[in-house]
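Visitor: Here the sequence shown stands for residues 127 to 430, numbered as in this note's numbering. Ideal placement from N, C-alpha and C gives every residue a C-beta, glycine not left out.
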Amino acid sequence: MGELLALSSAVSFGLTHFVAGLAARRTAGVTVAFYAQVCGTAVSVTAALAVPGAGALTAAGLGWGAVSGVGTGVGVAFLYRALAKGAMSVVVPVSDVTAVAVPVVIGISLLGERPAAAALAGIAAAFPALWLVSRGPDRQDGTAGLEGHAPPVPCREERGPAPAARRARGSAPADALIAGAGFAAHFVAIARMPAEGDLWAITVSRVVSVAVVALAVLGDRAPWRLPRRCAPHVAAAGALGTLATVLYLYAARAELMAVATVLAALYPAIPVLLALLVLRERLTLPQAAGLVCAGAAIGLIAVA
């Protein structure tokens with residue numbers, strides 16, 4: 127059951143990125159992220175109020191919810207900052223692999239988790255899968271495809287002197303590492319939330335992430351206005367993001383955190399497949415190899 131919940135979370139996360147990427151073609155990605163978090167907050171509040179026996183928020187839930195929200199906000203902010211400076215084919219894989227590696231290391235080395243041999247092989251296969259699938263080709267117009275993340279916004283440094291632009295590009299991998307660490311904190315914090323009042327803890331996570339991403343919008347001088355045509359995509363992204371988080375929460379309770387995180391983090395494969403089937407975008411050879419590795423990872427973990 128844990129594996130199925132984690133894979134369902136991956137599908138939901140992947141759909142979130144796909145529809146958010148469609149919206150980010152019309153406005154700044156960080157603006158889309160902000161309003162998606164707002165919509166996700168509304169969904170989580172509604173769920174916490176509607177679900178019978180949701181329980182009251184505990185101190186531990188408040189703390190882990192805050193950590194999750196800060197992690198999400200920092201991850202989003204630094205991801206878009208990195209995308210504005212460097213190539214998507216470098217930034218996104220670095221962020222994605224870091225987001226998975228940290229929870230795996232914490233689960234195995236600090237929490238004493240001991241995945242079976244086949245599961246360990248599946249975890250190992252997931253890292254090249256993430257790296258290869260996330261390598262979306264950069265287009266000539268400076269934007270990126272939908273293969274996992276929204277397109278970057280041109281950064282101010284690249285319009286200045288060449289040395290400044292080179293420094294900006296050089297710092298992109300560091301920003302990607304910080305983004306990955308933020309997303310890793312989100313994964314770990316969600317997995318550590320207590321069962322009592324867990325939906326309220328997720329609501330705390332959403333509220334905190336809204337505040338952090340709002341600071342990113344201000345820092346990037348991104349527009350606050352959301353085009354009307356983007357509203358359905360943003361609302362869907364927010365709802366799907368909350369669903370994905372809830373599914374991951376229950377997956378991490380039913381399965382080792384290291385395993386649940388790896389399976390949920392395979393979500394970049396979903397936008398790649400949707401871009402191929404819906405948008406008729408071409409699949410690159412590295413992405414095809416990544417999909418094969420992702421399938422192998424899922425199969426190995428499933429038989430463990």
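Let me know if P241 comes out buried or exposed under the rule of 16 or more other beta-carbons within 10 Å of its beta-carbon.
Guide: So P241 counts as buried.
Visitor: On a Cα-Cα basis, can you pick out the residue from L341, T368 and S297 that is closest to A327?
Guide: It is T368 whose Cα lies nearest to the Cα of A327.
Visitor: Taking its Cβ as the centre, do 16 or more other Cβ atoms sit within 10 Å of M383, making it buried, or is it exposed?
Guide: With 16 or more Cβ atoms within 10 Å of its Cβ, M383 is classed as buried.
Visitor: When the Cα atoms are used, what is the spatial distance from P280 to A298?
Guide: Residue confidence for P280 is low, a pLDDT of 38 falling below 50, so the modelled location carries little weight; the figure read from the coordinates is stated next. Their backbone Cα atoms lie some 13 Å apart in a straight line.
Visitor: Given A192, which residues of its chain have a CB within under 7 Å of its CB, disregarding the five upstream and five downstream residues?
Guide: Taken in chain order, the residues that qualify are V330 and V334.
Visitor: Using 8 Å as the cut-off, can you tell me whether the stretch 148-163 makes contact with the stretch 199-215, which would need three or more C-beta pairs spanning the two stretches below that distance?
Guide: As far as the Cβ criterion goes, the stretch 148-163 touches the stretch 199-215, which means the pair count is three or higher.
Visitor: Please report the Cβ distance between A401 and E407, rounded to the nearest whole angstrom; I am assuming they are in contact, meaning their Cβ atoms lie under 8 Å.
Guide: About 4 Å separates the two Cβ atoms, so the contact holds.
Visitor: Is the Cβ-Cβ distance between T364 and V169 less than 8 Å?
Guide: According to the sequence displayed, residue 364 carries Gly and not Thr. Closer than 8 Å, so yes.
Visitor: Pick helix, strand or coil for W257, following the three-state DSSP scheme.
Guide: In the structure shown, W257 sits in a helix (DSSP, three-state: H, G or I).
Visitor: Quick one: residues in its chain with C-beta nearer than 7 Å to the C-beta of G142, no 5 flanking neighbours on either side, listed in chain order?
Guide: In the sequence as presented, Gly is not what sits at residue 142; that position holds Thr. Cβ within range, chain order: A363, L366, G367 and A370.
Visitor: Is it true that the CB of A174 sits closer than 8 Å to the CB of A180?
Guide: Against a cut-off of 8 Å, the Cβ pair of A174 and A180 comes out as a contact.
Visitor: Verify whether the separation of the beta carbon atoms of L133 and A244 is less than 8 Å.
Guide: No; because the gap between Cβ atoms is not below 8 Å, this pair is not in contact.
Visitor: By the DSSP assignment, the alpha helix (DSSP H) with L325 in it spans what residues?
Guide: D324 to D346 is the span of the alpha helix (DSSP H), which, as asked, contains L325.
Visitor: Specify the secondary structure class of M127 as computed by DSSP and reduced to three states.
Guide: M127: coil per DSSP, three-state reduction.
Visitor: Can the beta-carbon of G248 be found less than 8 Å from the beta-carbon of A430?
Guide: Cβ atoms of G248 and A430: closer than 8 Å.
Visitor: Would you call the CB atoms of V259 and V145 closer than 8 Å?
Guide: Not closer than 8 Å, so no.
Visitor: Could you pull out every residue in the same chain whose Cβ sits closer than 8 Å to the Cβ of L188, ignoring the five residues on either side in sequence?
Guide: Closer than 8 Å at Cβ, skipping near neighbours: A327 and V330.
Visitor: Give the secondary structure of M319 by DSSP, where H, G and I count as helix, E and B as strand, and everything else as coil.
Guide: M319 falls in the coil class under three-state DSSP.
Visitor: Report the rounded CA-to-CA distance for G345 versus V177, giving the unit in angstroms.
Guide: So the two alpha carbons sit approximately 37 Å from each other.
Visitor: Could you pull the start and end residues of the alpha helix (DSSP H) that Y206 belongs to?
Guide: First-last of the alpha helix (DSSP H) with Y206: A185 to K211.
Visitor: What's the call for V404, buried or exposed, on a 16-neighbour Cβ count within 10 Å?
Guide: V404 should be labelled exposed.
Visitor: Please state whether the Cβ-Cβ distance between G195 and V388 is less than 8 Å.
Guide: Against a cut-off of 8 Å, the Cβ pair of V388 and G195 comes out as no contact.
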